[in-house]
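> Chains as they are written, first to last, in our numbering: chain A, 139 to 355; chain B, 139 to 355. A virtual CB, placed ideally from N, CA and C, is assigned to each residue, including glycine. Here it is: the structure, laid out below.
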DNA sequence: AATTGTGAAATTGTTCACAGCA
DNA sequence: TGCTGTGAACAATTTCACAATT
């Protein structure tokens with residue numbers, strides 16, 4: 139196995155994965171520019187991190203570097219892609235076709251990253267049956283069957299808070315393992331489900347706190 | 139000063155602020171239900187955290203609790219609102235009125251949270267002059283003057299990666315201190331600027347890694 | 001009796017610094 | 001010589017556990 143985890147007790151954190159994802163983005167740029175090697179400090183500069191952080195992260199997954207030269211772009215890129223599971227397209231469903239859902243349906247970066255919104259669901263009968271950016275909108279009542287039949291594992295949740303928990307329960311029961319949640323609501327699920335929250339209003343709380351701090355400083 | 143920082147060397151991390159923001163959301167619900175007191179363990183349950191975490195976080199900012207009873211909802215809510223700077227409306231500008239920018243202009247949760255998009259900017263002449271959800275779209279060329287004149291401190295950046303760094307430089311030069319960045323790009327700024335990234339494609343990297351892990355487990 | 005606030009302990013994450021390799 | 005990989009040092013964060021308080 140080429141991306142064999144080294145048998146040490148170093149823990150792979152979600153932060154390491156987040157950073158790998160940044161490294162991959164930089165490696166993609168290097169590939170475009172036909173750059174053959176990149177050092178940990180170059181990777182660090184591109185990602186606003188430190189060189190030792192880069193080396194630690196990469197060393198969790200293997201010995202990818204070449205002493206004296208750095209990392210071979212092509213090889214490292216392939217390894218990181220495999221680690222992150224980006225060597226194949228990623229199939230997801232979208233639940234909720236409001237303003238945000240609509241925007242996500244035409245979000246070009248998803249295609250670029252191999253993320254395919256296979257179908258969408260909504261409660262609004264006027265939307266059901268239509269297609270946006272070639273994605274069919276179905277009745278939410280069909281979501282459970284669809285997930286089971288198509289073995290979907292990932293869902294984007296872009297619905298109002300008040301129904302978020304109930305819909306989550308349905309999705310998880312049907313087999314969804316990962317949810318990207320846009321509702322401003324803490325979702326409860328059993329272990330074995332991964333939830334990532336995109337909580338736009340909350341982001342501004344950092345800002346207002348930060349600005350107030352600096353004004354009083 | 140009611141929210142006086144206690145003079146201890148305990149550090150207030152961005153994570154504490156993120157959690158305060160969750161507590162506030164729960165406190166808002168309590169207020170609606172006319173609940174008078176809430177304990178650290180109730181707050182913990184609502185936010186998927188631990189009771190000691192809740193107490194530690196709150197104790198960074200003051201002694202808000204009452205031994206034996208918990209926290210007075212009304213008082214704590216007011217304190218946390220002040221800490222987070224949510225006692226006044228928050229004025230922001232939007233840069234980039236593509237699909238995502240459009241969705242943000244009609245995102246109702248912003249209004250609910252007191253976040254006001256004061257105006258928007260785009261390069262596309264066909265959009266300039268129009269108004270969406272009562273927000274005027276202006277030519278990007280005017281952004282620097284607008285920021286200076288209106289003393290804007292917070293910007294939402296919803297433009298393509300390739301121009302993200304250049305536009306960021308302009309915004310920061312004009313006086314912007316906080317940027318909510320939707321471009322899949324690591325932005326470089328001098329210290330004193332706070333950048334928060336909403337990186338939608340990257341969220342899926344967690345998912346595919348997680349799914350692969352569980353399949354091999 | 002119940003619950004806070006908080007030092008101390010445990011855990012997790014980051015940086016340092018350098019041996020070893022190409 | 002230049003750069004990786006990594007143990008050890010350091011720093012930050014979380015959890016524990018209990019005295020103090022109402």
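Given that residue 151/B touches chain A, what residues does it touch there, using C-beta distances under 8 Å?
Those within 8 Å of residue 151/B in chain A number zero; the least Cβ separation is about 11 Å.
> When DSSP labels each residue in this structure, what does residue 221/B get in the three-state scheme?
helix
> Interface residues of chain B around residue 322/A at Cβ under 8 Å?
Under a criterion of Cβ atoms nearer than 8 Å, the residues of chain B adjacent to residue 322/A are, in order, 163 and 247.
> Can you name the residues of chain B whose CB is closer than 8 Å to the CB of residue 336/A?
336, 338 and 341
> Does the count of Cβ pairs from the segment 292-304 of chain A and the segment 222-236 of chain A closer than 8 Å reach three?
yes
> Could you tell me which of 263/A, 169/A, 311/A and 333/A sits nearest to residue 321/A, measuring between CA atoms?
333/A
> State the beta-bridge partners of residue 209/A as determined by DSSP.
176/A and 203/A
> Can you tell me where the alpha helix (DSSP H) with residue 266/A in it begins and where it stops?
No alpha helix (DSSP H) contains residue 266/A, which DSSP labels as neither H nor E.
> Output, in sequence order along the chain, the residues in the segment 244-268 of chain B whose CB is closer than 7 Å to any CB in chain A.
Result list: 244, 245, 247, 248, 251 and 253.
> Just to check my reading of the structure: residue 155/B and residue 195/A have Cβ atoms closer than 8 Å, yes? What is that Cβ distance to the nearest angstrom?
So it is not a contact: roughly 26 Å between Cβ atoms.
> Short of 7 Å in beta carbon distance, which residues of its chain neighbour residue 187/A, apart from the five on each side in sequence? Order them along the chain.
So the qualifying residues of the chain are 157.
> Using only alpha-carbon positions, find the residue among 161/A, 255/A and 198/A that is nearest to residue 212/A.
The option with the nearest alpha carbon to residue 212/A is 161/A.
> Between which two residues does the alpha helix (DSSP H) containing residue 346/B stretch?
338-354
> With distances taken between CB atoms, is the gap from residue 164/B to residue 185/B smaller than 8 Å?
yes
> Give the single residue among 315/B, 233/B, 179/B and 351/B whose Cα lies nearest to the Cα of residue 266/B.
233/B
> Which of helix, strand or coil does DSSP assign to residue 329/B?
coil
> With burial defined as no fewer than 16 other Cβ atoms inside 10 Å of the residue's Cβ, what is the status of residue 319/A: buried or exposed?
buried
> Between which two residues does the alpha helix (DSSP H) containing residue 188/A stretch?
For residue 188/A, there is no enclosing alpha helix (DSSP H), as DSSP marks it with neither H nor E.
> Between residue 246/A and the rest of its own chain, which residues show a CB-CB distance below 8 Å, the 5 nearest in sequence each way excluded?
none
> Can you tell me whether residue 337/A is buried or exposed? The criterion is at least 16 other CB atoms within 10 Å of its CB, across all chains shown.
buried
> Output needed for residue 330/A: all residues of its chain with C-beta closer than 8 Å, excluding positions within five of it in sequence on either side, in chain order.
315.
> For residue 205/A, count neighbouring Cβ atoms within 10 angstroms of its own Cβ and tell me buried if that reaches 16, exposed if not.
exposed
> Suppose the cutoff is 8 Å on Cβ atoms and the five residues either side in sequence are ignored; what does the same chain contact list for residue 323/B look like?
299, 302 and 303
> Of the residues 260/B, 250/B and 328/B, which one's Cα is nearest the Cα of residue 297/B?
260/B
> Nearest-angstrom Cα distance between residue 214/B and residue 223/A?
44 Å
> Against residue 223/B, what residues of chain A qualify as contacts under a CB-to-CB distance less than 7 Å, listed in chain order?
Within 7 Å Cβ-Cβ: 346, 347, 349 and 350.
> From residue 220/B to residue 207/A, what distance separates their C-alpha atoms?
52 Å
> Assuming residue 255/A is part of the beta strand (DSSP E), what are its boundary residues?
253-260
> Let's see if you can read the secondary structure: which residues bound the alpha helix (DSSP H) around residue 155/B?
152-170
> With a 10 Å radius around its C-beta and 16 neighbouring C-beta atoms as the bar for buried, classify residue 263/B as buried or exposed.
exposed
> I want to verify the contact list: residues of chain A whose CB lies under 8 Å from the CB of residue 185/B, in sequence order.
324
> Compare the beta carbon distance of residue 339/B and residue 171/A with 8 Å and say whether it is the shorter of the two.
no
> Would you mind telling me which residues of chain B sit closer than 7 Å to residue 159/A, beta carbon to beta carbon, in chain order?
340 and 343
> For residue 279/A, tell me which candidate among 305/A, 271/A and 272/A has the shortest Cα-Cα distance.
305/A
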